[in-house]
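The next block holds one structure in the form of structure tokens; read it before the comments.
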Amino acid sequence: MVEENQLFTTRQLSEWTGVSVRKIRWFDKTQLLKPYERNSSNYRLYRKQELITLLIIIFLQFFGFSFKEIRTILKSPSFDAAEVLAVQARVIDRGIDQLIDVSGILNCISSSINKSQPVDIAEIAKPFAIITEYDPKSWFKLFV
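Counting from 1, one number per residue, gives the positions in the sequence shown under UniProt numbering.
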């Protein structure tokens with residue numbers, strides 16, 4: 001359990017999250033993730049709040065956002081970490097549902113091909129429609 005006022009070093013953040021020390025330092029240098037403070041040895045120290053921000057940065061990067069877009073989201077006056085994480089979870093859930101739909105369609109098409117049965121062109125087109133409709137960045141507009 002992380003205490004609210006507990007401070008963490010860059011190394012601890014790296015060990016817990018799997019994000020390299022070098023990348024965390026780069027996030028500081030580029031103003032994406034500023035440490036809460038520096039100690040007398042000039043080590044960067046982070047709180048729970050910065051840990052959550054790091055999580056958001058990594059998720060946004062995973063979704064294909066550029067660092068410029070990530071910075072825009074983080075600096076937005078309407079930025080709310082809890083809301084961003086909740087929206088990201090819904091986007092992932094929607095993506096999972098769409099992938100399950102595509103998987104089912106592809107399995108049906110594959111089965112038809114294996115049985116040398118005719119394949120309906122409309123069935124072949126369905127996965128394309130689902131995939132092109134999916135936009136993991138669509139919620140970005142809420143925060144800019």
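Here a beta-carbon is modelled for each residue, glycine too, at the ideal position from N, C-alpha and C.
Quantities reported herein were computed from a predicted structural model and do not represent experimental measurements.
Tell me which residues share the same chain as residue 126 and place their Cβ nearer than 6 Å to its Cβ, disregarding the 5 neighbours each side in the sequence. 105
Quick check: residue 60 and residue 73, are their CB atoms within less than 8 Å of each other? yes
Rounded to the nearest angstrom, what separates residue 4 and residue 52 at their Cα positions? 12 Å
Where do the ends of the beta strand (DSSP E) carrying residue 44 lie? Segment 44–46, the beta strand (DSSP E) holding residue 44.
Tell me residue 8's beta-bridge partners as DSSP assigns them. 46
Expressed to the nearest angstrom, what Euclidean distance is found between the alpha-carbon atoms of residue 67 and residue 17? 19 Å
In whole angstroms, what separates the C-alpha of residue 103 from that of residue 49? 38 Å
Host alpha helix (DSSP H) of residue 93 (start-end): 81–114
I need the DSSP call for residue 69, collapsed to helix, strand or coil. Residue 69: helix per DSSP, three-state reduction.
Exposed unless 16 or more other CB atoms sit within 10 angstroms - verdict on residue 44: Counting Cβ neighbours within 10 Å, residue 44 comes out buried, since at least 16 surround it.
Quick one: what's got a C-beta closer than 8 Å to residue 6's C-beta in the same chain, skipping five residues either side? The beta carbon of residue 6 sits closer than 8 Å to the beta carbons of 47, 48 from its chain, once the five residues preceding and following it are set aside; these are given in chain order.
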